[in-house]
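Here's the structure, in structure tokens; my notes come after.
Chains as they are written, first to last, in the working numbering: chain A, 1 to 130; chain B, 131 to 309.
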């Protein structure tokens, strides 16, 4: 299950394999935290895996604008019918791990506008999943 | 008054849930302030916990539906690497420890409640052999017992016939006839 999740962040299957191994190695000693969390183990794993992936991409100097894994769809596919602005916000925040203030600066809008778009993205995702 | 306040709070919680905070939190997109606020509220509002579990469940279903299996052998490679980690390698084999093998002397107290025992698989063969032998012995016992009863009855009949024959020989009528 986590392998498909990882693939949305990276361009190649080989990189996804290597990242998945790295994720399990790094999280193996912290699994106690998963059981103490208010989230399910799988959701906890997803959050921690994303942190590791984003950290790995930053360390390796992967260009955050290179739009690596969004072609793998996954959660991004839930926003297929939404506006390009919504998809842009979700892609930059979720896939590329950028900050809300960065996006606001880039779009020439205030942060509240980006937060509103994010809220709408979340509502669309909930509706699609439900 | 209290009921009104409760209703207002409930309404606010519903609005809070509808704002998308749960989804942001579960996807790891909530800011640290938003995440800590939700974690503070969670123990007091079961609706929040229910919404969190519900969305987590939906995500797991989505993950199952979109599952792509990793290449064969990847899991065993990960397992090998995880086993090589110091915290896991140091754990003494055959003994569980409390804190992930951090201290080797710290044994988990195991209370024996089971009424079952585990034995070597050779005991199964031994049991089958003993069972078959016992059945053969039982069959042999029944056979020889019947034979014994049968021969005993024949012996008794023969003895009775002999006694009868002796009586006939000794009777006066038979002596007169002989004369």
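C-beta atoms are modelled at their ideal positions from N, C-alpha and C, and glycine is treated no differently.
**Request:** Assign residue 236 of chain B to one of two classes, buried (16 or more other C-beta atoms within 10 Å of its C-beta) or exposed (fewer than that).
**Result:** At residue 236 of chain B the pLDDT is 49, less than 50, meaning the model places this residue with poor confidence and gives no usable figure here.
**Item:** Within chain B, partners of residue 95 of chain A - CB distance below 8 angstroms
**Value:** None at all; the shortest Cβ gap to chain B is about 11 angstroms.
**Request:** Please list, in chain order, all residues of the same chain as residue 233 of chain B whose beta carbon is under 6 angstroms from its beta carbon, the five residues on each side excluded.
**Result:** Residue confidence for residue 233 of chain B is low, a pLDDT of 44 falling below 50, so the modelled location carries little weight; the figure read from the coordinates is stated next. Nothing meets the Cβ criterion.
**Asked** Are the C-beta atoms of residue 17 of chain A and some chain B residue less than 8 angstroms apart?
**Response** Answer yes: the Cβ-Cβ gap between residue 17 of chain A and chain B drops below 8 angstroms somewhere.
**Message:** What are the residues in the segment 199–210 of chain B lying within 8 angstroms of chain A by C-beta distance?
**Reply:** When C-beta distances to chain A are compared with 8 angstroms, the residues of the segment 199–210 of chain B below that value are 199, 200, 201, 204, 207, 208, in chain order.
**Request:** Report yes or no: do the segment 71–90 of chain A and the segment 206–217 of chain B share at least 3 C-beta pairs separated by less than 8 angstroms?
**Result:** no
**Message:** Between residue 111 of chain A and chain B, is the shortest Cβ-Cβ distance under 8 angstroms, so that the two count as touching?
**Reply:** Using beta-carbon distances, residue 111 of chain A does not count as an interface residue toward chain B, since no partner is under 8 angstroms.
**Request:** Using a Cβ-Cβ cut-off of 8 angstroms, state whether residue 4 of chain A counts as contacting chain B.
**Result:** yes
**Message:** Does chain B have any CB closer than 8 angstroms to the CB of residue 53 of chain A?
**Reply:** Between residue 53 of chain A and chain B, the shortest Cβ-Cβ separation is not below 8 angstroms.
**Request:** Check the C-beta distance from residue 189 of chain B over to residue 156 of chain B and give it rounded, since I have them as a contact under 8 angstroms.
**Result:** 6 angstroms
**Message:** The alpha helix (DSSP H) that contains residue 95 of chain A, what's its start and end?
**Reply:** Premise fails: residue 95 of chain A is in no alpha helix (DSSP H) and is neither H nor E.
**Prompt:** What's the call for residue 285 of chain B, buried or exposed, on a 16-neighbour Cβ count within 10 Å?
**Reply:** exposed
**Prompt:** Is the distance from the Cβ of residue 23 of chain A to the Cβ of residue 49 of chain A below 8 angstroms?
**Reply:** Yes.
**Request:** Evaluate contact between the segment 86–93 of chain A and the segment 110–125 of chain A, counting only Cβ atoms and requiring at least three cross-stretch pairs below 8 angstroms.
**Result:** yes
**Request:** Use the C-beta contact count for residue 200 of chain B: other C-beta atoms within 10 angstroms, 16 or more gives buried, fewer gives exposed.
**Result:** Burial of residue 200 of chain B is indicated by the presence of at least 16 other C-beta atoms within 10 angstroms of its C-beta.
**Prompt:** Could you give the residue range of the alpha helix (DSSP H) that holds residue 27 of chain A?
**Reply:** 13–27
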